[in-house]
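For what it's worth, the numbering used here labels the leading residue of the sequence shown as 4, then goes sequentially.
Read the structure below first, then the notes.
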Amino acid sequence: MTTFTELYRQHAHQVYRFALWMCGNEADAEDITAETFARAWVGIDDARFDTAKAYLMTIARNLVKNRHRRNREQLPLDDSLLDPKADPERTTAAKAELERALRTLDSVSGIDREVFLMRVGGEMSYREIATATGLSISAAKVKVHRTRLRLRGETK
């Protein structure tokens with residue numbers, strides 16, 4: 004049996020990355036991560052997921068949704084995501100590209116965006132995503148693929 008400390012060590016970084024992708028800032032991501040593990044601790048006996056990771060990501064996903072409902076405003080792009088040592092032209096180009104990708108990602112429907120971020124930001128397997136969202140594995144794969152195409156500008 005995995006102890007709660009081991010569970011935290013194994014999954015905290017992935018939960019944080021997913022929350023950061025979903026929230027857009029480090030402070031909210033830290034809060035979401037802490038709250039995720041606090042809720043997991045309280046509800047660990049009621050968990051019905053095949054994997055602990057899927058259980059944790061589902062908690063994080065729901066916390067992010069609740070936070071977005073409360074804070075309907077758009078969060079600004081965090082400049083700390085860019086390399087401060089890069090030359091100004093490359094930094095400007097990278098920031099513009101990142102802002103374009105984030106705008107595109109914001110235009111993706113809720114479940115498609117969440118599935119994509121679980122796969123990319125949360126490093127979840129398609130099986131874990133399916134368990135966390137109630138989708139089939141093939142539906143999760145299709146949603147990730149279509150979102151990648153949109154981000155690359157290959158579809159409208």
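For glycine and all other residues, C-beta sits at the position ideal for the given N, C-alpha and C.
No experiment lies behind these values; they were computed from the predicted model shown.
**Asked** What's the C-alpha gap between residue 54 and residue 43?
**Response** Counting from one through the sequence shown, the residue named residue 54 turns up at place 51. Counting from one through the sequence shown, the residue named residue 43 turns up at place 40. Whole-angstrom Cα-Cα distance: 13 Å.
**Request:** Flag this pair as yes or no: are the beta carbons of residue 57 and residue 22 separated by less than 7 Å?
**Result:** Looking up residue 57 in the sequence shown gives position 54. Looking up residue 22 in the sequence shown gives position 19. Against a cut-off of 7 Å, the Cβ pair of residue 22 and residue 57 comes out as no contact.
**For residue 130 and residue 140, believed in contact at Cβ under 8 Å, the rounded distance** = Taking the sequence shown and counting its residues from 1, one reaches residue 140 at position 137. Taking the sequence shown and counting its residues from 1, one reaches residue 130 at position 127. Going by Cβ atoms, the distance from residue 140 to residue 130 rounds to 6 Å, so yes, they are a contact pair.
**Request:** Starting from the N-terminal side, write out each stretch of the alpha helix (DSSP H) that is 4 residues or longer and does not extend beyond the region 13 to 64.
**Result:** Under the rule that a run must span 4 or more residues, the alpha helix (DSSP H) segments found entirely inside the region 13 to 64 read 29 to 46.
**Item:** Segments of 4+ residues assigned as alpha helix (DSSP H) that fall wholly inside the region 128 to 154
**Value:** Here the runs fully enclosed are 129 to 136.
**Prompt:** Between the Cα of residue 71 and the Cα atoms of 145, 118, 27 and 12, which residue gives the shortest distance?
**Reply:** Residue numbering aside, residue 71 sits at position 68 when the sequence shown is read from its first letter. That would be 27, whose Cα lies nearest to the Cα of residue 71.
**Item:** Residues near residue 83 by beta carbon distance below 7 Å, same chain, minus five either side
**Value:** As a position in the sequence shown, residue 83 is number 80, starting the count at 1. Because the pLDDT at residue 83 is just 46, under 50, the model does not fix this residue reliably, and the value given afterwards should be weighed accordingly. Cβ within range, chain order: n/a, list empty.
**Prompt:** Any idea if residue 6 is buried or exposed, counting beta-carbon neighbours within 10 angstroms, 16 or more meaning buried?
**Reply:** Here residue 6 refers to the residue found at position 3 of the sequence shown. Residue 6 comes out exposed.
**Reduced DSSP category for residue 80 - H, G, I as helix; E, B as strand; rest coil** = Within the sequence shown, residue 80 is the residue found at index 77, counting from 1. For residue 80, the pLDDT reaches just 47, beneath the cut-off of 50, and the residue's location in the model is therefore unreliable, leaving the point undetermined.
**Prompt:** Which of the three DSSP states, helix, strand or coil, is assigned to residue 9?
**Reply:** Translated into positions along the sequence shown, residue 9 becomes position 6. When secondary structure is reduced to three states using DSSP, residue 9 falls in the helix class.
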